[in-house]
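Asker: Under full-length UniProt numbering, read the sequence shown as residues 1 to 128, first letter to last.
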Amino acid sequence: MTSADLSDIYRGYIDCLNEQDWSNLGHFVHEDVDYNGSRIGLSGYREMLKRDFRAIPDLHFDIRLLICEPPWVASRLHFDCTPTEMLFDLPVNGRKVQFTENVFYEFLDGRIRQVWSIIDKAAIAAQL
């Protein structure tokens, strides 16, 4: 797999998230996916994303930086959204906030096998 191939797959994954196309998530995410060191599997990953969209109805993943070096992807995602209640233990409660996520992925057989995510919670707190 080339860097360009991996970039295309990753961009397809982000499109899948933004469209909330949960039936096709398994095309991009491995059945045994780990998230921040814990095995949550595809079903756990899907449920985590569904919870995110329930808490943030206008959630949209915006790629600001993308580096692909097979089997690795590093991405900086930007969010400009309006969470309805608490977000990362912060009382956002319907206020518009902007924040970023730095996330690293390891791909196996063309699908995401491991995810390491760091969300800039301090940026949210500063806006509140």
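Even glycine gets a Cβ: it sits at the ideal position worked out from N, Cα and C. These numbers were taken from a predicted model, which means no experiment stands behind them.
1) How long is the line joining the alpha carbons of D120 and F99, rounded to whole angstroms?
2) Using a Cβ-Cβ cutoff of less than 7 Å, which residues in the same chain neighbour S3 once the five nearest sequence positions on both sides are dropped?
3) Please list the terminal residues of the continuous beta strand (DSSP E) segment that includes E101.
4) Give the secondary structure of L65 by DSSP, where H, G and I count as helix, E and B as strand, and everything else as coil.
5) If we ignore side chains and look at the alpha-carbon of each, how far apart do N93 and P83 end up?
6) Buried or exposed: which applies to I63, given that a residue is buried once 16 or more other Cβ atoms fall within 10 Å of its Cβ?
Answerer: Reading it off the structure:
1) For the purposes of this step, residue 120 is identified with residue 120 of the sequence shown, where counting begins at 1. For the purposes of this step, residue 99 is identified with residue 99 of the sequence shown, where counting begins at 1. Taking the straight line joining both Cα atoms gives about 6 Å.
2) Here residue 3 is taken as the residue at index 3 of the sequence shown, counted from 1. Here the set comprises C68, E69, P70.
3) Taking the first residue of the sequence shown as 1, we reach residue 101 at position 101. Here the beta strand (DSSP E) through E101 covers 97-108.
4) Within the sequence shown, the letter at position 65 stands for residue 65. In the structure shown, L65 sits in a strand (DSSP, three-state: E or B).
5) The sequence position of residue 93 within the sequence shown is 93, counting from 1. The sequence position of residue 83 within the sequence shown is 83, counting from 1. Each residue's Cα considered, the two are about 6 Å apart.
6) The residue you call residue 63 lines up with position 63 of the sequence shown. Exposed.
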